[in-house]
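Student: In the UniProt record's numbering, the protein residues as written are 1 to 211.
Sharing a structure with you now.
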């Protein structure tokens, strides 16, 4: 249950107000705690305090603490639990659309707090999954395209050599014709592939910037 942690927080919160009290008086500890931080007889004393500054600095923190107390009371201290011996009041509190609506709000706040504001789900969706998909695409591109280029060149050279060897008529002009033909085809394919890679990189950069 939340009762013991709340009691511990309350216990330490009770002594927070003692911080900031001037300890320049030569008295015992209890007297120092009971000494006010404003001197009513000497307004210009070093121990005097500006109540406007104090209230201005305290409003924000006190508001946050009050809001947290309200949420904790709303989640862990339902209204009907204070009237356990009053069956008539409990019957009115537990019934009705207001009770159902408050339960929905309470469950929504509890789920949001239990799941840490869905920060983990957001991180998993937009960072972990995105980086994993990008790495899978890079792995596929490296294995299927980058590594396939030298393999394709080697395979094509093998077939070209086999064709030239099978032709083997001793005519140097035929050899040169086949050689330059395949070299031309290779460079044309290489230029087409580089243009395709360039267009793909442009589209990928465009998607990363504008999406």
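Just so it is clear, CB atoms sit at the ideal spot from N, CA and C, and this is done for glycine as well.
(1) For residue 155, which three-state DSSP category applies?
(2) Just how far apart, CA to CA, sit residue 69 and residue 124?
(3) If I follow the unbroken alpha helix (DSSP H) through residue 118, where does it start and stop?
(4) Roughly how many whole angstroms lie between the Cα atoms of residue 177 and residue 135?
(5) In the DSSP assignment, find the alpha helix (DSSP H) that holds residue 6 and state where it starts and stops.
(6) When you compare only the Cα positions, how much space is there between residue 113 and residue 12?
(7) Mapping the DSSP letters down to three states, classify residue 85 as helix, strand or coil.
(8) Does DSSP classify residue 142 as helix, strand or coil?
(9) Between residue 52 and residue 59, what straight-line distance do the alpha-carbon atoms span, to the nearest angstrom?
(10) In its own chain, which residues sit with a C-beta less than 6 Å from the C-beta of residue 107, not counting the 5 before and 5 after it?
Tutor: In brief:
(1) Helix at residue 155.
(2) Taking the straight line from one Cα to the other gives about 31 Å.
(3) No residue range can be given for residue 118, since it is assigned to no alpha helix (DSSP H) and is classified by DSSP as neither H nor E.
(4) Between residue 177 and residue 135, the C-alpha separation is close to 44 Å.
(5) Here the alpha helix (DSSP H) through residue 6 covers 3 to 13.
(6) Residue 113 and residue 12: Cα-Cα distance of roughly 23 Å.
(7) No answer about residue 85 holds up, because its pLDDT of 48 lies below 50 and its placement is not dependable.
(8) The three-state secondary structure of residue 142, taken from DSSP, is helix.
(9) Distance between the alpha carbons of residue 52 and residue 59 is about 11 Å.
(10) Result list for residue 107: empty, nothing under 6 Å.
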